[in-house]
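Note sheet for the following structure.
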Amino acid sequence: MAGNFWRSSHFEQWILEKGDLLRERGDDLKIYTEEEYQKLMIFFMNFIQTMGQCLEKEVSQSINEGRDRPILRMQAIASACVYFRRFYSKRSLKDIDPFLLAVTCINLASKVEEMGHLSPNKLISAYTRTTKKWPVIESLIAHNHQINSHQIKGSEAEFCLVEMLDCSLIVYHPYRSLHQFRNDMKSCSIQNVDQLCQDAWRVCNDGMKSDAALLYHPHMIAIGK
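So that you can map any letter, position 216 of the sequence shown is 216 in full-length UniProt numbering, and since no number is skipped, the others follow by simple counting.
Following this line, the structure appears as structure tokens:
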């Protein structure tokens, strides 16, 4: 990771203006209201998080494989959410299947955050388990959003994602700043710091799934929460 946020591609390329976001979403906002668009984004953020929190042993091909832990840590899940948001900040929802892009973002984030290799079969298994958590859309996905290992192995979606991100894959998270704020508050003998930071951590997780990750510096997200 680049050691200086102010010299990183995150700061130089991916801190956007609200007006620019709305302009880039023009085609989608001809179909959806801003509120409806944000609800769609929230759904896919939750979809990515749920998929990333599937347990390894649940998606392994053998009952003797995998451990009782999520396939991704929260930081990698947050990176996947940011990739998804960044892509659709420049492109329309109709340009690429959002379900395929969600899987692709998870796969890419696992590599960038050095979480290890997620096999296509493991990704497909996690995807299938996740779709079952939304019965209302399960049948729709089964008929119209089938994702197979060939799509993942072919990496066409990943190529499109990396190209759109201009190979700017480093995401600075607010968690490090939050940890520093916690230590500063403890040094000042502020009470209930741990509980406050636990609550702030959860809100930061939500913040990284929103437009805040595109509009604000990570330390601003941390202190704002």
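Beta carbons: idealized from backbone N, C-alpha and C, even for Gly.
Remember, predicted model here, so these are calculated numbers, not experimental data.
- Nearest in C-alpha terms to ASN205, of all of LYS57, GLU56, ALA80, LEU21, is ALA80.
- Listed in chain order, the non-local C-beta contacts of LEU169 below 6 angstroms within the same chain comprise VAL112, local neighbours out to five positions each way being set aside.
- Per DSSP, ASN46 is one residue of the alpha helix (DSSP H) stretching across 34-52.
- CA-to-CA, the gap between HIS10 and TYR172 works out to about 7 angstroms.
- Counting other Cβ atoms within 10 Å of its Cβ, ILE71 reaches 16 or more and is therefore classed as buried.
- A Cβ-Cβ separation of about 6 angstroms places VAL82 in contact with MET208 under the 8 angstroms criterion.
- Residue state for PRO120 is assigned as helix, using DSSP reduced to three classes.
- The three-state reading of DSSP puts PRO218 in helix, counting H, G and I together.
- Minimum Cα-Cα distance from ARG202 among the listed residues ILE221, SER187, ASP184 corresponds to ILE221.
- Here the alpha carbons of TYR37 and GLU24 stand approximately 13 angstroms from one another.
- Contact between SER177 and HIS219 holds: their C-beta atoms lie close to 4 angstroms from each other, under 8 angstroms.
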